[in-house]
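Student:
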Amino acid sequence: MTTEQTTTPAADAAPAPAVDPRLLVREAGLAGYLAEFKRKMKSGDLGSVPVVLGLILIGAIFQGITGDFLNADNLTNITKWIAGPGLIAVGIVFVLLLGEIDLSLGSVAGVSAAIAAVLSVRSGMNEWLAILVAIGAAIAIGALHGFFFAKIGVPAFVVTLAGLLAWSGLQMAVLGDKGTVNVINDGVLANLDTYFLGDGDVAFTWGFAVLGIALFGAGQVLDSRRRNAAGLLARPMSEIALRTGVIALIGLVAAYMLNQDRGLPLPLVIFLSVVVITDFVLRRTSYGRQIFAVGGGVEAARRAGINVAWVRISVFMISAGMAALGGLFIASQQGSADKLLGSGNVLMNSIAAAVIGGTSLFGGRGKTWSALLGILVIQSIITGLDLVHVNQAVQYMITGSVLLAAVVLDSVSRKTQKSSGRG
Amino acid sequence: MTGAPVLALRGVSKRFGAVQALTDVHLEVHAGEVVALVGDNGAGKSTLVKTIAGVHPIDEGSIEWEGTAVSINRPHDAQALGVATVYQDLALCDNLDVVGNLFLGRELKKFGTLDEVAMEKRARELLDTLSIRIPSVRIPIAALSGGQRQVVAIARALVGDPKIVILDEPTAALGVEQTAQVLDLVERLRGRGLGVILISHNMADVKAVADTVAVLRLGRNNGVFEVESTSHEEIISAITGATENAVTRRQARLAEEAK
Numbered sequence: 000m001t002t003e004q005t006t007t008p009a010a011d012a013a014p015a016p017a018v019d020p021r022l023l024v025r026e027a028g029l030a031g032y033l034a035e036f037k038r039k040m041k042s043g044d045l046g047s048v049p050v051v052l053g054l055i056l057i058g059a060i061f062q063g064i065t066g067d068f069l070n071a072d073n074l075t076n077i078t079k080w081i082a083g084p085g086l087i088a089v090g091i092v093f094v095l096l097l098g099e100i101d102l103s104l105g106s107v108a109g110v111s112a113a114i115a116a117v118l119s120v121r122s123g124m125n126e127w128l129a130i131l132v133a134i135g136a137a138i139a140i141g142a143l144h145g146f147f148f149a150k151i152g153v154p155a156f157v158v159t160l161a162g163l164l165a166w167s168g169l170q171m172a173v174l175g176d177k178g179t180v181n182v183i184n185d186g187v188l189a190n191l192d193t194y195f196l197g198d199g200d201v202a203f204t205w206g207f208a209v210l211g212i213a214l215f216g217a218g219q220v221l222d223s224r225r226r227n228a229a230g231l232l233a234r235p236m237s238e239i240a241l242r243t244g245v246i247a248l249i250g251l252v253a254a255y256m257l258n259q260d261r262g263l264p265l266p267l268v269i270f271l272s273v274v275v276i277t278d279f280v281l282r283r284t285s286y287g288r289q290i291f292a293v294g295g296g297v298e299a300a301r302r303a304g305i306n307v308a309w310v311r312i313s314v315f316m317i318s319a320g321m322a323a324l325g326g327l328f329i330a331s332q333q334g335s336a337d338k339l340l341g342s343g344n345v346l347m348n349s350i351a352a353a354v355i356g357g358t359s360l361f362g363g364r365g366k367t368w369s370a371l372l373g374i375l376v377i378q379s380i381i382t383g384l385d386l387v388h389v390n391q392a393v394q395y396m397i398t399g400s401v402l403l404a405a406v407v408l409d410s411v412s413r414k415t416q417k418s419s420g421r422g
Numbered sequence: 000m001t002g003a004p005v006l007a008l009r010g011v012s013k014r015f016g017a018v019q020a021l022t023d024v025h026l027e028v029h030a031g032e033v034v035a036l037v038g039d040n041g042a043g044k045s046t047l048v049k050t051i052a053g054v055h056p057i058d059e060g061s062i063e064w065e066g067t068a069v070s071i072n073r074p075h076d077a078q079a080l081g082v083a084t085v086y087q088d089l090a091l092c093d094n095l096d097v098v099g100n101l102f103l104g105r106e107l108k109k110f111g112t113l114d115e116v117a118m119e120k121r122a123r124e125l126l127d128t129l130s131i132r133i134p135s136v137r138i139p140i141a142a143l144s145g146g147q148r149q150v151v152a153i154a155r156a157l158v159g160d161p162k163i164v165i166l167d168e169p170t171a172a173l174g175v176e177q178t179a180q181v182l183d184l185v186e187r188l189r190g191r192g193l194g195v196i197l198i199s200h201n202m203a204d205v206k207a208v209a210d211t212v213a214v215l216r217l218g219r220n221n222g223v224f225e226v227e228s229t230s231h232e233e234i235i236s237a238i239t240g241a242t243e244n245a246v247t248r249r250q251a252r253l254a255e256e257a258k
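Sequences listed follow chains A and B, in order.
Mapping of the first sequence onto numbering that gives the first Met the number 0: position 289 corresponds to residue 288, and the numbering continues sequentially without gaps.
Mapping of the second sequence onto numbering that gives the first Met the number 0: position 225 corresponds to residue 224, and the numbering continues sequentially without gaps.
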């Protein structure tokens with residue numbers, strides 16, 4: 000034991016770098032970025048690449064067949080339709096991050112829509128209040144699921160399967176004998192789906208796109224500056240410019256297409272905002288870190304002092320709350336809350352969206368952006384098949400195959416990552 | 000070793016139902032001292048460590064921290080005092096990167112959000128001062144080898160600036176090279192003035208890094224030895240509890256045959 004080795008930090012005048020020079024060191028500049036990208040692809044860290052390629056392929060195929068898939072009004076409709084199932088998919092992402100599944104979200108969406116509609120239409124309650132009550136009820140339902148799962152120890156699969164049945168029963172009970180409640184004409188619920196910001200003013204669309212691009216670019220530059228100041232490996236400016244450029248291209252093209260039609264749809268704004276906010280919560284707060292920790296290793300999380308039961312319960316509350324929000328958008332879109340809302344393949348589409356977007360079924364890996372990308376794929380397929388008048392039987396089979404393909408990709412990429420030591 | 004011990008157990012007893020796991024155990028750990036805790040399976044090593052870590056509160060006796068009596072009833076109490084424990088199963092989250100694991104449960108924050116830059120900087124400083132080599136602090140734990148995980152787990156214990164570090168069989172599953180790295184790390188902890196309690200079955204490791212060996216046998220103290228002035232055989236006989244045992248018989252036989 001030599002004391003001069005470690006007595007003071009000054010004694011280690013030149014500490015050996017913690018980074019092993021042989022491994023994973025990136026060259027500076029764009030060349031390094033490309034090399035890193037190639038390495039990631041090879042080692043199975045596919046990220047969003049397959050789903051983006053899939054979207055382009057889907058767009059090209061349906062445009063080729065129908066000739067009007069990429070029209071402004073069709074694309075605008077897609078952005079409106081994705082909000083409902085997309086919000087449910089955001090909730091699914093949270094549950095999947097824990098490595099669990101929530102099968103009740105369709106029913107929860109249905110029961111929330113029913114509560115909001117019945118309270119506002121039949122009981123004459125203020126619509127905003129009715130919406131809050133509906134979301135609150137869903138969060139309470141989520142807390143109940145979470146309690147049975149986290150405290151009693153019933154598998155989440157079983158708890159939420161019971162919920163699937165029970166809450167759709169409650170949905171029927173709330174709706175009563177008539178079964179269908181039409182939302183108030185031009186009320187808050189109706190406007191959720193039909194309103195365009197500034198009544199279709201193009202300035203809103205451009206403003207929203209430019210704001211998003213500017214925030215993204217500024218965030219990247221600031222982060223890079225702070226890392227440089229701290230002496231850490233930072234993204235080079237060329238890479239930031241490339242990333243911001245790609246985002247800007249997507250944002251501006253989207254804004255242009257939306258403005259060709261009716262402008263900026265409210266459902267798209269809310270959905271995007273929810274995705275951005277939840278992504279921030281997951282990646283930048285200790286609560287988000289706790290969710291990932293519980294998904295990656297329950298015992299490690301517990302030893303680190305994380306309240307595992309609370310994380311689990313709160314995640315089920317979040318997923319149910321998201322489902323309620325999604326249910327309200329679905330009700331708004333169909334103009335009514337009925338007994339079938341949230342049944343059928345709503346749940347399956349949302350789970351499929353989360354998985355197709357790249358959130359792992361095995362827990363601990365994923366982001367809420369995958370809900371957006373995944374639901375875009377699913378909705379594009381559904382809309383495209385509708386345009387070419389394919390009947391529902393075939394639609395179900397195609398959507399099912401896409402889900403299977405996504406899960407296969409997830410499993411295979413996990414294997415590849417393991418074998419290249421990046422699991 | 001002079002001065003008051005950082006941690007002292009005085010007459011600690013612990014029973015589980017009908018089993019008297021620990022009886023009147025004494026243990027002292029000074030700053031800058033590596034105490035090896037050895038004993039056969041079931042001798043009470045793990046129970047003793049768990050009483051210090053706050054997993055099992057003690058039934059009798061007292062625990063002194065820097066000369067004053069304290070009570071440790073929960074893991075949180077131990078952490079607050081400055082006891083960090085690295086268990087045999089490392090309890091790292093495979094999906095989080097090294098920085099995420101190092102600061103799990105005590106993230107550095109700025110305006111209520113995670114301060115990744117500060118955490119990464121501190122992580123690298125910590126790993127550098129310990130001369131820990133890992134490919135990158137931003138790769139998931141799943142991508143690291145067993146030895147690398149062990150050093151990350153030990154580094155993780157140091158994030159909270161503890162005064163006592165308990166290592167439960169840190170070299171049990173490691174190869175030659177990795178074992179040497181972990182032993183180096185133990186020496187560096189001692190160099191930083193930390194008290195280290197090292198549980199090990201490996202006498203070579205014990206002889207290599209420990210200053211003092213405390214032997215437990217059937218839940219009781221069975222001798223505390225200075226490593227430098229104690230032979231391998233003396234420790235073995237303290238562990239097995241007799242001078243007449245398999246090891247001495249074998250040596251006697253070998254000596255006989257040599258004649």
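Cβ atoms here follow ideal geometry from the backbone N, Cα and C, with glycine treated the same way.
1) Taking only three categories from DSSP, how would you classify K366/A?
2) Taking 8 Å as the CB-CB limit, is R283/A close to chain B?
3) I need the straight-line Cα distance from D337/A to L174/A, nearest angstrom please.
4) Looking at F156/A and I100/A, is the spacing between their C-beta atoms short of 8 Å?
5) Taking a contact to mean a Cβ-Cβ separation below 8 Å, would you say E106/B touches S285/A in this structure?
6) Just verifying my parser: in three-state terms, what is the DSSP assignment at V33/B?
7) Pull the bridge partners of L166/B from the DSSP assignment, please.
8) Ordered along the chain, which non-local residues of its own chain (more than five positions away) have a Cβ less than 6 Å from that of A7/B?
9) With DSSP as the reference, identify every bridge partner of D337/A, one or two as the case may be.
10) Check each candidate in W166/A, V117/A, T367/A and name the one with the smallest Cα separation from V132/A.
11) Taking the continuous alpha helix (DSSP H) assigned at I87/A, which residues delimit it?
12) Roughly how many angstroms separate the alpha carbons of G174/B and D204/B, rounded to a whole number?
13) M0/B CB to nearest chain A CB: under 8 Å?
14) T112/B to G90/A, Cα distance in whole Å?
15) Less than 8 Å between the CB atoms is what I'm expecting for A152/B and L91/B, so what's the real figure, rounded?
16) With 7 Å as the limit, tell me which residues of the region 81–107 of chain B have their beta carbon closer than that to any beta carbon of chain A; keep them in chain order.
17) Distance, Cα to Cα, K49/B vs L215/B?
18) Counting only C-beta atoms, is R225/A closer than 8 Å to chain B at any point?
19) Closer than 8 Å is the cut-off here; do at least three beta carbon pairs connect the region 310–317 of chain A with the region 138–147 of chain A?
20) Flag I276/A as yes if its beta-carbon sits less than 8 Å from any beta-carbon of chain B, otherwise no.
21) Are the C-beta atoms of I91/A and some chain B residue less than 8 Å apart?
22) Taking Cβ-Cβ distances below 9 Å as the criterion, which residues of the region 292–316 of chain A are in contact with chain B?
23) Chain B partners of R288/A, CB-CB under 8 Å?
24) Going by other Cβ atoms of all chains shown within 10 Å of its Cβ, with 16 needed for buried, is M396/A buried or exposed?
25) By the criterion of Cβ-Cβ separation under 9 Å, what are the contact partners of V116/B in chain A?
26) Could you tell me whether the region 115–134 of chain B touches the region 161–170 of chain B, using the rule of 3 or more Cβ pairs below 8 Å?
27) What's the call for V48/A, buried or exposed, on a 16-neighbour Cβ count within 10 Å?
Tutor: This is what the structure holds:
1) DSSP places K366/A in coil when its eight states are reduced to three.
2) Between R283/A and chain B, the shortest Cβ-Cβ separation is below 8 Å.
3) When rounded, the distance between both Cα atoms is 7 Å.
4) The Cβ-Cβ distance between I100/A and F156/A falls below 8 Å.
5) Yes. Within cutoff.
6) In the structure shown, V33/B falls within a strand segment according to DSSP collapsed to helix, strand and coil.
7) DSSP lists V85/B, L197/B as partners of L166/B.
8) If we look at A7/B and ignore the five residues flanking it on each side, its Cβ neighbours are E27, E63.
9) Its beta-bridge partners are T179/A.
10) If we check each option's Cα against that of V132/A, V117/A comes out closest.
11) For I87/A, the enclosing alpha helix (DSSP H) has its first and last residue at 82–96.
12) Between G174/B and D204/B, the C-alpha separation is close to 13 Å.
13) Confidence in M0/B is poor, its pLDDT being 46 and thus under 50, which makes the residue's placement unreliable; the coordinate value appears in the next sentence. Judged by the 8 Å Cβ criterion, M0/B is not in contact with chain A.
14) Cα to Cα, the separation comes out at about 22 Å.
15) That pair is a contact at about 6 Å.
16) From the region 81–107 of chain B, only A90, L91, C92, D93, N94, L95, G99, L103, G104, E106 have a Cβ closer than 7 Å to chain A.
17) CA-to-CA, the gap between K49/B and L215/B works out to about 15 Å.
18) It does; some Cβ of chain B falls within 8 Å.
19) Taking 8 Å as the limit for Cβ pairs, the verdict is that the region 138–147 of chain A does touch the region 310–317 of chain A.
20) No, its Cβ sits nowhere closer than 8 Å to a Cβ of chain B.
21) Not one chain B Cβ lies under 8 Å of I91/A.
22) Those would be A292, V293, G294, G295, G296, E298, A299, A300, R301, R302, A303, G304, I305, in chain order.
23) Neighbours of R288/A across chain B, judged by C-beta separation under 8 Å: L95, G99, L103, E106, L113.
24) Here M396/A is exposed: its Cβ has fewer than 16 other Cβ atoms, across all protein chains shown, within 10 Å.
25) Those within 9 Å of V116/B in chain A are D222, R225, R226, A228, A229, L231.
26) The region 115–134 of chain B vs the region 161–170 of chain B: no contact.
27) Answer is exposed; the Cβ neighbour count stays below 16.
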